[in-house]
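In this note's numbering, the protein residues as written are 62 to 343.
Idealized CB from N, CA, C, for every residue including glycine.
Computed from a predicted structure; not experimentally measured.
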Ligand code: BEZ
């Protein structure tokens, strides 16, 4: 994620671990889908603080973690991960991974999801797999509506344009994968109501920064209170426990043949035709 372009989301490793430590903790299902094998070389796209990269490494695979946040990359390095600061829209790997893995990161890459998928395809060896989980269609819908409504209440016009997340349907994402040379073998939308350890305020303070940044600083605390108040009737139970309305899009896709530059032999594109023949370089 490019922080500036993705709405100035400020990824601070300590704050993330406190308010969203459940994110890697709930990543077991997608790790099982990845099924990393000893000796495989795996790219963890949006590795965050490296909790899941470490689990992949424990299974005997070689892992490269990438993230746009220097703070997260530093945290991943402290776990012993080969972590690098990299923009997900600009992946420069060339047919060198057996798998690309991603958990809870792709929905932040809204500006050009096709560029991300094209880079993933380029990074994979033919037959390599792209396994991931991200927010899917309808993810945090109530939270998003509340945030947009509060911005409008504060005079922000076209507040929906501030939404920083990309939550595709199964059909839309399968199509995007296919356009970039990745054959979707499994895609599923999975509702996953998620208890929030530090309540809705903690979640909003961590993740709703792109909305809050649209307001003068003096209005932000009030706006947070207003978002929490709007959400209380639907996401807070009688024991004051908050649950977020998460929906996961979990998928596995496989890289079709790379299109190669005849002079350099390097992968130059990713748009294979549906029949597998090389298409327009992506
Ligand atoms: C998610 O994992 O679905 C998510 C996390 C933070 C903000 C929005 C969505």
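Task: Own chain, CB closer than 8 angstroms to residue 117, minus 5 neighbours either side, in chain order - done: Translated into the one-based positions of the chain shown, residue 117 becomes position 56. Taken in chain order, the residues that qualify are 92, 95, 97, 103, 105, 124 and 162.
Open item on the list: My output table needs one value for residue 199: the three-state DSSP class, helix, strand or coil.
Closed with: One-based indexing of the chain shown puts residue 199 at position 138. Here residue 199 sits in coil by DSSP.
- [ ] For residue 335, count neighbouring Cβ atoms within 10 angstroms of its own Cβ and tell me buried if that reaches 16, exposed if not.
- [x] In the chain shown, counting from the first residue as 1, residue 335 sits at position 274. Any reading at residue 335 must be qualified, since the residue scores a pLDDT of 35, below 50, and its modelled position is unreliable; no value is offered.
- [ ] Kindly indicate the opening and closing residues of the beta strand (DSSP E) around residue 259.
- [x] Position 198 of the chain shown, counting from 1, holds the residue named residue 259. Segment: none, residue 259 is in no beta strand (DSSP E) and carries neither H nor E.
Task: Terminal residues of the alpha helix (DSSP H) in which residue 126 lies - done: Here residue 126 corresponds to residue number 65 of the chain shown, with the count starting at 1. First-last for residue 126: 123 to 128, but that is the beta strand (DSSP E), not the alpha helix (DSSP H).
Open item on the list: Quick check: the Cα distance between residue 340 and residue 317, rounded to an integer number of angstroms?
Closed with: Numbered from 1 along the chain shown, position 279 holds the residue referred to as residue 340. Numbered from 1 along the chain shown, position 256 holds the residue referred to as residue 317. Note that residue 340 has pLDDT 40, beneath the 50 cutoff, so the model's placement of it is unreliable and no number is given.
Open item on the list: Can you give me the C-alpha to C-alpha distance between residue 63 and residue 148, rounded to a whole angstrom?
Closed with: Translated into positions along the chain shown, residue 63 becomes position 2. Translated into positions along the chain shown, residue 148 becomes position 87. For residue 63, the pLDDT reaches just 44, beneath the cut-off of 50, and the residue's location in the model is therefore unreliable, although a value from the coordinates is still provided. In a straight line, the C-alpha of residue 63 is about 6 angstroms away from that of residue 148.
Open item on the list: Between which residues of its own chain and residue 66 is the CB-CB distance below 7 angstroms, once the five residues before and five after are set aside?
Closed with: The count along the chain shown starts at 1 and reaches residue 66 at position 5. Since pLDDT at residue 66 reaches only 40, below the 50 mark, its modelled position is unreliable, and the value read off the structure follows with that caveat. Excluding positions up to five away in sequence, the list reads 172.
TODO: State yes or no: is the C-beta of residue 191 nearer than 7 angstroms to some heavy atom of ligand 1?
DONE: Taking the first residue of the chain shown as 1, we reach residue 191 at position 130. No - ligand 1 has no heavy atom lying nearer than 7 angstroms to the Cβ of residue 191.
TODO: Assign residue 229 to one of three DSSP states: helix, strand, or coil.
DONE: As a first step, residue 229 is located in the chain shown; it is residue number 168 there, counting from the start. In this structure, residue 229 counts as coil in the three-state DSSP scheme.
- [ ] Pull up the distance between the alpha-carbon of residue 240 and that of residue 209, whole angstroms please.
- [x] The count along the chain shown starts at 1 and reaches residue 240 at position 179. The count along the chain shown starts at 1 and reaches residue 209 at position 148. Those two C-alpha atoms are separated by around 32 angstroms.
Open item on the list: I'd like to check one pair, residue 140 with residue 111: are the Cβ atoms closer than 8 angstroms?
Closed with: On the chain shown, position 50 is the one that residue 111 refers to. On the chain shown, position 79 is the one that residue 140 refers to. Their beta carbons are under 8 angstroms apart, which means residue 111 touches residue 140 by this criterion.
Task: Among 282, 79 and 199, the one whose alpha carbon lies nearest that of residue 211 - done: Against the chain shown, residue 211 aligns to sequence position 150. Ranking the options by Cα distance to residue 211, first place goes to 282.
Open item on the list: For ligand 1, is there any heavy atom lying closer than 7 angstroms to the beta carbon of residue 268?
Closed with: The residue you call residue 268 lines up with position 207 of the chain shown. Residue 268: yes, Cβ under 7 angstroms from ligand 1.
- [ ] Please go through the same chain and pick out, in chain order, the residues whose beta-carbon is closer than 7 angstroms to the beta-carbon of residue 202, but skip the five residues on each side of it.
- [x] Residue numbering aside, residue 202 sits at position 141 when the chain shown is read from its first letter. 306, listed in sequence order.
TODO: Could you name the residues that DSSP lists as bridge partners for residue 160?
DONE: Here residue 160 is taken as the residue at index 99 of the chain shown, counted from 1. Looking at the DSSP assignment, residue 160 forms a beta bridge with 103 and 190.
TODO: Would you grab the beta carbon distance between residue 234 and residue 313 for me? Rounded to a whole angstrom, and I think it's under 8 angstroms.
DONE: Here residue 234 refers to the residue found at position 173 of the chain shown. Here residue 313 refers to the residue found at position 252 of the chain shown. Residue 234 to residue 313, Cβ: 12 angstroms. No contact.
Open item on the list: Just verifying my parser: in three-state terms, what is the DSSP assignment at residue 317?
Closed with: Along the chain shown, one-based indexing puts residue 317 at 256. DSSP places residue 317 in coil when its eight states are reduced to three.
- [ ] Please report how far the alpha carbon of residue 119 lies from the alpha carbon of residue 246, in whole angstroms.
- [x] Residue mapping note: residue 119 aligns to position 58 of the chain shown, counting from 1. Residue mapping note: residue 246 aligns to position 185 of the chain shown, counting from 1. Near 26 angstroms, if we compare the C-alpha coordinates of residue 246 and residue 119.
Task: Status (buried if at least 16 other CB within 10 Å, exposed otherwise) for residue 269 - done: Residue numbering aside, residue 269 sits at position 208 when the chain shown is read from its first letter. Residue 269 comes out buried.
- [ ] Just tell me which of 215, 300, 223 and 260 has its CA closest to the CA of residue 279.
- [x] Start at 1 with the first residue of the chain shown, and residue 279 comes out as number 218. With distances taken between Cα atoms, residue 279 lies closest to 215.
Task: Classification of residue 222 by the beta-carbon crowding that lies within 10 angstroms, buried from 16 upward - done: The sequence position of residue 222 within the chain shown is 161, counting from 1. By the 10 Å Cβ count, residue 222 comes out exposed.
Task: Pairwise C-alpha distance: residue 87 and residue 135 - done: Stepping through the chain shown from its first residue, residue 135 is reached at position 74. Stepping through the chain shown from its first residue, residue 87 is reached at position 26. Each residue's Cα considered, the two are about 22 angstroms apart.
Open item on the list: Quick check: what's the CA-CA separation for residue 180 versus residue 146?
Closed with: Position 119 of the chain shown, counted from the start, is the residue given in the question as residue 180. Position 85 of the chain shown, counted from the start, is the residue given in the question as residue 146. Those two C-alpha atoms are separated by around 15 angstroms.
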